[in-house]
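A.B. asks: Numbering of the sequence shown is given in our numbering, commencing with residue 56 and proceeding in unit increments.
Glycine included, every Cβ here is placed at the ideal spot set by N, Cα and C.
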Amino acid sequence: MSTDNIRAACVMGWPVAHSRSPLIHGYWLKRHGVKGDYRREAVTAGDFPAFLKSLGERGYVGGNITQPHKEMALKLTEPDERARAIGAANTIWIDNGKLRSTNTDVIGFLSSLDVGGPGWDKNLMDAVVLGAGGAARAVVYGLVERGAERVHVVNRTIARAEVFSERFGPRVHPVGWDAMPRLIKDAGLIVNTTSLGMTGNPELPIDLSGVRDDAVIGEIIYVPLKTKLLQAAEKRGLRHSDGLDMLLYQAVRGFELWFGVKPTVTPELRQIIVDELTKKK
Ligand code: ATR
56 MSTDNIRAAC
66 VMGWPVAHSR
76 SPLIHGYWLK
86 RHGVKGDYRR
96 EAVTAGDFPA
106 FLKSLGERGY
116 VGGNITQPHK
126 EMALKLTEPD
136 ERARAIGAAN
146 TIWIDNGKLR
156 STNTDVIGFL
166 SSLDVGGPGW
176 DKNLMDAVVL
186 GAGGAARAVV
196 YGLVERGAER
206 VHVVNRTIAR
216 AEVFSERFGP
226 RVHPVGWDAM
236 PRLIKDAGLI
246 VNTTSLGMTG
256 NPELPIDLSG
266 VRDDAVIGEI
276 IYVPLKTKLL
286 QAAEKRGLRH
296 SDGLDMLLYQ
306 AVRGFELWFG
316 VKPTVTPELR
326 QIIVDELTKK
336 K
């Protein structure tokens, strides 16, 4: 296909076959009538710096960065405040010949809560974040940005949670897993960022029976779509957001940067990804 007249973006990773980004952006290109293309680019760690340098020559206006290149992308581009604070870039674009980057997981996470639990951030005193890995960084950054008074970061390895208070300031309180049952009772927001509850992993050991009726539950896992945590939230009648909404909303900013149109997350798009996720392999 000729790339002369169309704007193109890509997802760069190794491996990259699993990425759902081409489905999401492909849907928006069609729906919004944008003459463009979005492709997968399998790029090894060794090839990544040279690939990035030649991005424009390859016909790209930007793209998404997936593992294992998110930290390297930060070093090789001009990151915005979010990407720098999180320590990883997942979206890049060429701006006047310069490679710039951001991390859209923050917007993805915040938007998924805005949709699943509108008003969740109003007078939010205590938020509990389970996990202190890469995904938790975007979540904690977003919660501090939205003004949460206290963000309790619960992690099995307490040293990893302690790094969060150094990185994100005094609103962040690192704690061990044993503090979790007590902390969730008063929390206005509880978010799982661990890999517990993901298909093939052990379940998240949590009991929602004592939490506040107005608590909002956030989940970043989307395989399965409805984790045990979300099932428990539904059973308790608690408002919640899932990992698929976070995935879809994080993609909005990239599309807007590359193609100049702010795309819409529609039920139809959600269904396309659900079908893909539940497709028999
Ligand atoms: P990601 O970058 O996707 O967030 P990660 O950095 O591997 O992934 O983080 C996974 C999170 O799940 C971590 O908080 C991890 O806890 P540790 O820091 O103690 O490893 C948490 N996690 C994974 N398996 C766990 C388990 N069996 N029990 C408790 N926490 C677990």
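Between the alpha carbons of W232 and N210, how many angstroms are there, rounded?
C.D. replies: Spanning the two alpha carbons is a distance of roughly 6 Å.
A.B. asks: Taking DSSP as the reference, what is the three-state secondary structure of H228?
C.D. replies: In the structure shown, H228 sits in a strand (DSSP, three-state: E or B).
A.B. asks: Between the beta-carbon of M127 and the beta-carbon of F103, is there less than 7 Å?
C.D. replies: It is a contact, given that the beta carbons lie within the stated cut-off.
A.B. asks: Does L244 come out as helix, strand or coil in the three-state DSSP assignment?
C.D. replies: Strand at L244.
A.B. asks: Tell me whether the beta-carbon of I141 lies closer than 7 Å to the beta-carbon of D92.
C.D. replies: No, the pair does not count as a contact, with Cβ atoms beyond the cut-off.
A.B. asks: What's the call for M56, buried or exposed, on a 16-neighbour Cβ count within 10 Å?
C.D. replies: Any reading at M56 needs caution, since the residue's pLDDT is 47, under 50, leaving its predicted position unreliable; the model's value is listed next. It is exposed - the Cβ of M56 has fewer than 16 other Cβ atoms within 10 Å.
A.B. asks: Quick one: does the C-beta of A214 sit closer than 6 Å to a heavy atom of the ligand ATR?
C.D. replies: A214: no, Cβ never under 6 Å from the ligand ATR.
A.B. asks: In three-state terms, what does DSSP make of R95?
C.D. replies: R95 falls in the strand class under three-state DSSP.
A.B. asks: How about the stretch 120-139 and the stretch 266-277: do they share at least three Cβ pairs that are nearer than 8 Å?
C.D. replies: They do not touch, by the three-pair rule.
A.B. asks: Under the DSSP definition of a beta bridge, which residues are partnered with N119?
C.D. replies: Answer by DSSP bridge pairing, in chain order: V66 and T146.
A.B. asks: Is it true that the stretch 299-306 meets the stretch 195-215, where meeting means three or more beta-carbon pairs spaced less than 8 Å apart?
C.D. replies: Contact fails: fewer than three Cβ-Cβ distances are below 8 Å.
A.B. asks: Where N119 and A143 are concerned, what is the direct C-alpha to C-alpha distance, given to the nearest angstrom?
C.D. replies: Their Cα atoms are separated by approximately 12 Å.
A.B. asks: Using DSSP bridges, identify the partner residues of G48.
C.D. replies: This structure cannot speak to residue 48, because the chain is shown only from 56 to 336.
A.B. asks: Kindly indicate which residue of G163, G117 and A182 has the alpha-carbon position closest to the one of G152.
C.D. replies: Residue G117 is the option with its Cα nearest to G152.
A.B. asks: DSSP on D262, reduced to helix/strand/coil?
C.D. replies: Of the three classes helix, strand and coil, the one that applies to D262 here is coil, per DSSP.
A.B. asks: May I ask you to verify whether the stretch 236-245 touches the stretch 214-224, counting CB pairs closer than 8 Å and requiring at least 3?
C.D. replies: The answer is no - the stretch 214-224 does not touch the stretch 236-245, with fewer than three Cβ pairs under 8 Å.
A.B. asks: By a C-beta neighbour count over all protein chains shown, 10 Å radius and 16 as the cutoff for buried, is A76 buried or exposed?
C.D. replies: Correcting the residue identity first, residue 76 is Ser in this sequence and not Ala. Looking at its Cβ environment, which holds 16 or more other Cβ atoms inside 10 Å, S76 is buried.
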